[in-house]
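Below you'll find the structure, written out as structure tokens, and then a few comments.
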Ligand SMILES: Cc1ncc(COP(=O)(O)O)c(C=O)c1O
Ligand SMILES: Cc1ncc(COP(=O)(O)O)c(C=O)c1O
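Chains as they are written, first to last, in the working numbering: chain X, 118 to 534; chain D, 118 to 534; chain B, 3 to 141; chain P, 3 to 141.
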């Protein structure tokens, strides 16, 4: 997980201007000012190839899949099925059977909480999450724990936004039935030591779900290397369309789980007396899937393959580090989330300045940041703040945009303090 | 529900050529032959405006919604929220709070089966569906009935594919907790007397879910007139993109139900001790929604508004009737589903001809029909057939396409018999 | 001055600015000048629901006119309130009830703020008008 | 004739046709000529999994060669089987195991049939080769 800092040469060689041309929205304006899009942790922008894929699909390919013998259905099915293999390769899963198409990270976690939870959680059992989870990795577990009378336990974090592995290890017990942990925090930027955490959990035979909504966007993830039991992420944060995401699950885990939703596609045979379910992954994909967006997600994966992902991630790291450094120099600015291993996200507050006022002022300058709790209310509770201002970077951002943000923050302090 | 037959003048005036120009895929080829798309019940094709909306969204608007104060997020949120009102008006719901965005019909029914079922179904209670349901309106109920030890009861149908209201009424009892019934059968074409069925159920205080996956595509549905408690339909069958659908629920019903999935958007406040849920409809919309496709679904609704829907539906009815009449004249062809009130769908079998062989042969001629069980295995069991050949029409189909199908069927009989 | 005249004054003030950034700065400046609300009025019952920021509104009648005082943790919201107070505070109740408040659209406020904030603004206006309706019926 | 020569023959037959429709008709005609499988072989253990249609395959060895007989409720599938039987039946087991069967792609079969059917075809080939492997190892 150690990041090698990109050399100056490397940064200079990373051709961000060429990359930006692939993203049509980046040359638009906001309130008449050139758009500076620093809200990537909420949703990424899309390259032209992904947009074009949707057009091509609906203009020449659209049909319901798998059940049709006709030409369009065939072509659409083929492209759809190919994406499963693309995603398998993208995260190095052992089999395409381990790739389940869902709406997004939230649905992926709900699926596991519901299917795994109803099967494996009983009164007194424990589910372990961390103090920095997104609501989507808290509420599904709260709901299933309430239903099954299980207990939700929380791994604490320190004031830099880091988990202590010792504290974590001491929370793993024979009662722990699953650990569900965020790979990269969307409000703090912390990159957790998930590989080590998985090793510790597996030593006690406890399966681990990794929320990689942010992680997949800023790291090369290899599920076999991580050895996670489940991995969840969203297409819309990784250059893909909205409405599609991935649940990876080890074959054995998926086989053991009961189905989630019922309906078309997920069955093998239906009668009023007895219904049998399809094999994995189809068992978990009820109804007409989001065909077009799955296919366009495949194009997003292709796009990632077409660029030097490691260089892109190092470049993002450079933007993040530089932004943090410059912000920290501004009197009155306090960074929230200062873990030693971080990715993409810079969260901060300004003394005596309302975060939303500042965000809105930056917006008048065309700078899009997010303000608030970022769906991590417990993080804000721990830091005793109502919310933060968050800038989050993708490889299509530039150092000039970092500087624009810094200037904007300075102006905001001048106006609002 | 009585259909007035379109006059010859009316049919001549329905400008299908103009309409076809709005659908780019209709001028493409399949296996080198002009595409004759008669698989509309599986998924409809999309007008150019819907495709263009996706392009516009991703090229100039894309951002995560509701939680952002910045320009893009604002614009995207506004367009997203507008669609809720458009859909409300489209089905004449009393309030936009009654419109829940889901993935499709299947998810809508699962949501109700799970949330309504867990709250209201107990051992010995009954759920009533019909013999002609799609798997998506069978399996979710089988699953929840098994969990809650409730009983799934089935309204029988006669050999024409019609429900008897008397038999239906006799199945409604104090044990019946919900009726879930298809508006228009996707394998038989039967349009059920849902309004009367709802009246009968309500007389015993039993709520009714209507599966309008097909119904919404071929009828003007007014939920206040129907008085249904829930209505489910899919965007992809009604000119919209894949991956988005609607659950309509009466305000009171939605208020009474526990949430379905947990996560971002659906909460009002989160802490590890206590989480409170958002108002309806947000309570049922966990995680980043399928923003782009919801917005494009709004464009599909706009498209429907821009045409004369009643004329379009009568024209579809004309194609369906004409197709049935011509097929019935061919020796060896047997129509499956001959209800007096039908829409769009023509299902048939050919003596001594394998349905899939015939479908595949039609495909070689560019004619896309569907063959098989159409996700209604119990219907096939009742008719003692492995499957049917199904042609299903939309208002962009032509009488020439009907004739091409008829010629194709004749050729198939000659070759395959 | 009448409600309409006061609205006109605001519209003229904003005509000086082309850009949303400048208008925003101006609203902030107005917000910063809004006198703070006495802590004793910062009660839960005075809190306006539907605003993302905390907003307290205190209203009272004097000599047949309606007066408003308010506060918020957001300076921008204070600026919005200050504009509303400028127009509505010290007016006869009937005037408040019927005030068109078209200036909000004219100066481009609603067009530039996020939906959630626009809803907050609507809640504020609704609350002010409700007070006035109540006072009107008492008179 | 060798497997490769037989494949070549099929390829040449199909070269007569430009359109998929004609190729389809030809496969149907071949299927119609496939001798029916004796009912005693239509056992569940002879059924090929992964096919949408019912397909029974019966294999046996004679004089060191492998023979196949098969049937299906789909004439098209029978046509596919007939092509495979033409190439593979009556060949030495080792030939069957190693048969490239490139003709399937060359005549455009796989490109035109639905994924589910293509999977069915693959299952058939796999099953035929498995029989041959079994017989090969017994010899
Ligand atoms: C009557 C009916 N119900 C339910 C469905 C399921 O819809 P979806 O697959 O879009 O969830 C369909 C479509 O296949 C249908 O025709
Ligand atoms: C860490 C993390 N987990 C989960 C989610 C939820 O993802 P989605 O809203 O796409 O389901 C997000 C995104 O907001 C996230 O950043």
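Cβ atoms here follow ideal geometry from the backbone N, Cα and C, with glycine treated the same way.
Give the DSSP-derived three-state secondary structure of residue i in the structure shown.
| i | result |
| --- | --- |
| residue 491 (chain X) | coil |
| residue 43 (chain P) | helix |
| residue 283 (chain D) | helix |
| residue 337 (chain D) | coil |
| residue 235 (chain D) | helix |
| residue 150 (chain D) | strand |
| residue 170 (chain B) | Any answer about residue 170 (chain B) is impossible in this case: the structure gives chain B only from 3 up to 141. |
| residue 513 (chain X) | coil |
| residue 378 (chain D) | coil |
| residue 245 (chain X) | strand |
| residue 529 (chain D) | helix |
| residue 162 (chain X) | coil |
| residue 289 (chain D) | coil |
| residue 439 (chain X) | helix |
| residue 274 (chain X) | strand |
| residue 301 (chain X) | strand |
Compare the Cα-Cα distances from residue i to each of the options and report the closest residue.
| i | options | result |
| --- | --- | --- |
| residue 328 (chain X) | X:307, X:285 and X:319 | X:307 |
| residue 127 (chain P) | P:109, P:137, P:101 and P:113 | P:101 |
| residue 377 (chain X) | X:282, X:259 and X:217 | X:217 |
| residue 399 (chain D) | D:366, D:427, D:424 and D:428 | D:366 |
| residue 410 (chain X) | D:500, D:144, D:149 and D:171 | D:171 |
| residue 237 (chain D) | D:371, D:457 and D:471 | D:371 |
| residue 15 (chain P) | P:121, P:110, P:130 and P:50 | P:110 |
| residue 7 (chain P) | P:60, P:57, P:27 and P:88 | P:88 |
| residue 531 (chain D) | D:452, D:505 and D:448 | D:448 |
| residue 391 (chain X) | D:204, D:168, D:221 and D:256 | D:256 |
| residue 77 (chain B) | B:57, B:94 and B:96 | B:57 |
| residue 496 (chain X) | X:299, X:430, X:511 and X:510 | X:299 |
Just to make sure I have the definition right: I need the residues of chain P whose C-beta is within less than 7 Å of the C-beta of residue i. Which are they?
| i | result |
| --- | --- |
| residue 478 (chain D) | 26 |
| residue 481 (chain D) | 22, 23 and 26 |
Should residue i and residue j be called a contact, given that it needs their Cβ atoms to be closer than 8 Å?
| i | j | result |
| --- | --- | --- |
| residue 338 (chain D) | residue 368 (chain D) | no |
| residue 129 (chain P) | residue 50 (chain P) | yes |
| residue 19 (chain B) | residue 10 (chain B) | no |
| residue 293 (chain D) | residue 326 (chain D) | no |
| residue 149 (chain D) | residue 17 (chain P) | no |
| residue 323 (chain D) | residue 295 (chain D) | yes |
| residue 456 (chain D) | residue 277 (chain D) | yes |
| residue 383 (chain X) | residue 232 (chain X) | no |
| residue 318 (chain X) | residue 289 (chain X) | yes |
| residue 475 (chain D) | residue 153 (chain D) | no |
| residue 591 (chain X) | residue 304 (chain X) | What the structure shows of chain X is the stretch from 118 to 534, and residue 591 (chain X) is not part of that stretch, so it cannot be assessed. |
| residue 508 (chain X) | residue 331 (chain X) | no |
What does residue i touch in chain X if you count any residue whose Cβ is under 8 Å from its own?
| i | result |
| --- | --- |
| residue 77 (chain B) | 471, 474 and 533 |
| residue 195 (chain D) | What residue 195 (chain D) touches in chain X: nothing, since even the nearest Cβ is about 14 Å away. |
By the criterion of Cβ-Cβ separation under 9 Å, what are the contact partners of residue i in chain X?
| i | result |
| --- | --- |
| residue 30 (chain B) | 474, 478, 532 and 533 |
| residue 251 (chain D) | 380 and 381 |
For residue i, which residues in chain P fall below 8 Å Cβ to Cβ?
| i | result |
| --- | --- |
| residue 148 (chain D) | 21, 22, 23 and 114 |
What residues from chain X crowd round residue i, counting only those whose CB sits closer than 7 Å?
| i | result |
| --- | --- |
| residue 498 (chain D) | 388 |
| residue 353 (chain D) | 405 |
List the residues of chain D that residue i touches, going by C-beta distances under 7 Å, in chain order.
| i | result |
| --- | --- |
| residue 163 (chain X) | 175 and 179 |
Could you tell me which chain D residues have their CB closer than 9 Å to the CB of residue i, listed as they occur along the chain?
| i | result |
| --- | --- |
| residue 257 (chain X) | 378, 379, 380 and 403 |
Exercise. Quick one, which residues of the region 136–147 of chain X are near chain D if we go by CB-CB under 7 Å, in chain order?
Worked result: Listed in sequence order: 141, 142, 145 and 147.
Problem set entry | Residues, ordered as in the chain, of the region 275–290 of chain X that lie near chain D by beta-carbon distance below 9 Å | none
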